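Participant: Read left to right, the sequence shown gives residues -27 to -1, 1 to 357 (mature numbering (1 follows the signal peptide of the UniProt record, and there is no 0)). Every residue, glycine too, gets a C-beta built ideally from N, C-alpha and C. What you are looking at is a predicted structure, and each value in this text was computed from that prediction instead of being measured. This is the structure, below, for whatever I ask next.
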Amino acid sequence: MTVSLSRTAVPGALALLAALALSACGAAPDDASTSAGGKNPATATSAADVGGMDALVAAAKKEGTLNAIALPRDWANYGALIDGFEKKYGIHIAVENPDGSSQDEINAVTSRKGQDRAPDVLDLGSSFALSAAQQNLLAPYEVQGFADIPEGQKDAQGRWYNDYGGYISIGCDAKRVKECPQTFADLLKPQYKGQVALNGNPTKSGSAFGGVWAASLANGGSFDDIRPGLDFFTKLKKSGNYTPVESTPATVEKGETPISIDWDYLNAGYADEFRSKGVDWKVAVPADGKFSQYYSQAVNKDAPHPAAARLWQEYLYSAEGQNLWLKGYARPALMTAMEKAGTLDSSAAAKLPEVSGTPSFPTEAQQGKAKTAVAAGWAKAISG
């Protein structure tokens, strides 16, 4: 994904890890090797289809590996999630290209179809999840908590569903920036010359795409019209304030991107992780561009480890998995349901950046239109 971390979209230890090597190229395992109770996990649309959770766990353990991609350990507490899954089930998670983008994930699925090194699971920006579903790349699968995922935050066929999200925010190194910006309008002030960065390229990165949409809302745009966001970045570039350096944990720590437009859970994570290193990182959710979005989970239709892929989804949507995202300052999709059930980590919830009002989300059609507009207009917006 990108702390571009170009996915672009995590709090946790901010040591950047090299991608773990995936297994060598070759054909995906045959159906027999992934069967459970005589049923094939590759076609399972729920745990019940393979005989229940115990059977799914057994089949996943037999596979022994899960291929993941673009999951930085310091993104929404993914390090703890990966470690927790491996410890609980004894299944190794091989993470390729942890700093990759949502588009990189889709490219890996399409280019490695039929190979045992293809990704099993995906964590995509919302608009990219829609694109992957439209390309028929995703397997329908409903986790046990599927009914509790709010309407509008899941595909009716279960091909993708929201996992965690947050608000676009402005992070700022208060020791390098005399007066930290609080709004998108502030970002145009001359004192921020060469200091304002995005977490990735919005044509590939979910967080950067969200940044453009938030800028649109701050400048008269809407869910139906993202163009004002592109116009804003044109102004930001002409003012000299925009820097093409994509913000990552490393660029933040080094002071190369002292102002970063990014998800609040990532910026909040920087504040925690860099405090001991002398970085005073402040976080503000801009009142003039309040934009909330979630990432989405999905299973590769041709996953080489189909049982492990489905078990990973079950783990992420368990109370344990959802609370681990929450500890990374991300708002989990089942947060409301867990609060009602009494399974939510209330202490972690209390640490979330404060935001007033109820978030609203663009429709599938609006996301598709916005993605097309950004793909066509981003390069021109920041050229020159």
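Alpha carbon to alpha carbon, how far is T38 from R200?
Facilitator: Counting from 1 along the sequence shown, the entry for residue 38 is found at position 65. Counting from 1 along the sequence shown, the entry for residue 200 is found at position 227. T38 and R200: Cα-Cα distance of roughly 43 Å.
Participant: So, at 6 Å on beta carbons, what are the nonlocal neighbours of G341 in its own chain, with the 5 sequence-adjacent residues on each side left out?
Facilitator: Taking the sequence shown and counting its residues from 1, the one referred to as residue 341 is at position 368. Result list for G341: empty, nothing under 6 Å.
Participant: Can you have a look at T230 and say buried or exposed, based on whether 16 or more other CB atoms are within 10 angstroms of its CB?
Facilitator: In the sequence shown, residue 230 corresponds to position 257, counting from 1. That one is buried.
Participant: With three or more beta-carbon pairs closer than 8 Å as the criterion, would you say the region 290 to 298 touches the region 314 to 328?
Facilitator: Enough Cβ pairs lie closer than 8 Å, so yes.
Participant: Does the distance from the C-beta atom of E327 to that of V116 stay below 8 Å?
Facilitator: Position 354 of the sequence shown holds residue 327. Position 143 of the sequence shown holds residue 116. No, these two residues do not count as a Cβ contact at 8 Å.
Participant: Check the Cβ-Cβ distances between G73 and every residue of chain D, and say whether any is below 8 Å.
Facilitator: Structure shown: chain D not included; a single protein chain is present.
Participant: Among F206, S233, E219, A281, which one has its Cα closest to the Cα of S74?
Facilitator: Counting from one through the sequence shown, the residue named residue 74 turns up at place 101. If we check each option's Cα against that of S74, E219 comes out closest.
Participant: Considering just the uninterrupted stretch of the beta strand (DSSP E) at W254, what are its terminal residues?
Facilitator: Start at 1 with the first residue of the sequence shown, and residue 254 comes out as number 281. Its beta strand (DSSP E) spans residues 254 to 257.
Participant: In this structure, does DSSP put residue 359 in helix, strand or coil?
Facilitator: One cannot answer for residue 359 here, as it falls past the ends of the chain, which runs -27 to 357.
Participant: Assuming C145 and I232 are in contact, meaning their beta carbons sit under 8 Å apart, how far apart are those beta carbons, in whole angstroms?
Facilitator: Along the sequence shown, one-based indexing puts residue 145 at 172. Along the sequence shown, one-based indexing puts residue 232 at 259. Yes, C145 and I232 are in contact; Cβ-Cβ is about 5 Å, under 8 Å.
Participant: G118 and R304 - do their beta-carbons sit closer together than 8 Å?
Facilitator: As a position in the sequence shown, residue 304 is number 331, starting the count at 1. As a position in the sequence shown, residue 118 is number 145, starting the count at 1. No, they are not a contact pair.
Participant: Does V328 come out as helix, strand or coil in the three-state DSSP assignment?
Facilitator: Residue numbering aside, residue 328 sits at position 355 when the sequence shown is read from its first letter. Reduced to three states, the DSSP call for V328 is coil.
Participant: Just how far apart, CA to CA, sit K166 and D159?
Facilitator: Walking along the sequence shown from the start, residue 166 turns up at place 193. Walking along the sequence shown from the start, residue 159 turns up at place 186. So the two alpha carbons sit approximately 12 Å from each other.
Participant: Whether or not the region 263 to 282 and the region 99 to 109 are in contact is what I'm after, with contact meaning three or more pairs of Cβ atoms, one per stretch, closer than 8 Å; do they touch?
Facilitator: Counting Cβ pairs under 8 Å, three or more are found: they touch.
Participant: With three or more beta-carbon pairs closer than 8 Å as the criterion, would you say the region 181 to 192 touches the region 257 to 264?
Facilitator: The region 181 to 192 vs the region 257 to 264: in contact.
Participant: Mark N109 as exposed unless 16 or more other C-beta atoms lie within 10 angstroms of its C-beta, in which case mark it buried.
Facilitator: For the purposes of this step, residue 109 is taken as residue 136 along the sequence shown, with counting starting at 1. So N109 counts as exposed.
Participant: Would DSSP call I79 helix, strand or coil?
Facilitator: The sequence position of residue 79 within the sequence shown is 106, counting from 1. In this structure, I79 counts as helix in the three-state DSSP scheme.
Participant: Three Cβ pairs or more, each shorter than 8 Å: is that satisfied between the region 141 to 157 and the region 247 to 261?
Facilitator: These segments touch.
Participant: Could you give the C-beta distance for Y302 and G242, rounded to a whole number, given that I count them as a contact under 8 Å?
Facilitator: Within the sequence shown, residue 302 is the residue found at index 329, counting from 1. Within the sequence shown, residue 242 is the residue found at index 269, counting from 1. At roughly 6 Å, the Cβ-Cβ gap stays under 8 Å, so Y302 and G242 are in contact.
Participant: For A31, tell me which candidate among L325, R248, A281 has the shortest Cα-Cα distance.
Facilitator: Your numbering for residue 31 matches position 58 in the sequence shown. The residue with the shortest Cα to Cα distance from A31 is A281.
Participant: Quick one: is M308 buried, meaning 16 or more other Cβ sit within 10 Å of its Cβ, or exposed?
Facilitator: In the sequence shown, residue 308 corresponds to position 335, counting from 1. Buried is the call here.
Participant: In the region 196 to 271, which residue ranges form an unbroken beta strand (DSSP E) of at least 3 residues, counting only runs that do not cross its ends?
Facilitator: Correct list: 232 to 236, 254 to 257.
Participant: Please state if the CB of D93 and the CB of A41 are separated by a distance shorter than 8 Å.
Facilitator: Residue numbering aside, residue 41 sits at position 68 when the sequence shown is read from its first letter. Residue numbering aside, residue 93 sits at position 120 when the sequence shown is read from its first letter. Yes; because the gap between Cβ atoms is below 8 Å, this pair is in contact.
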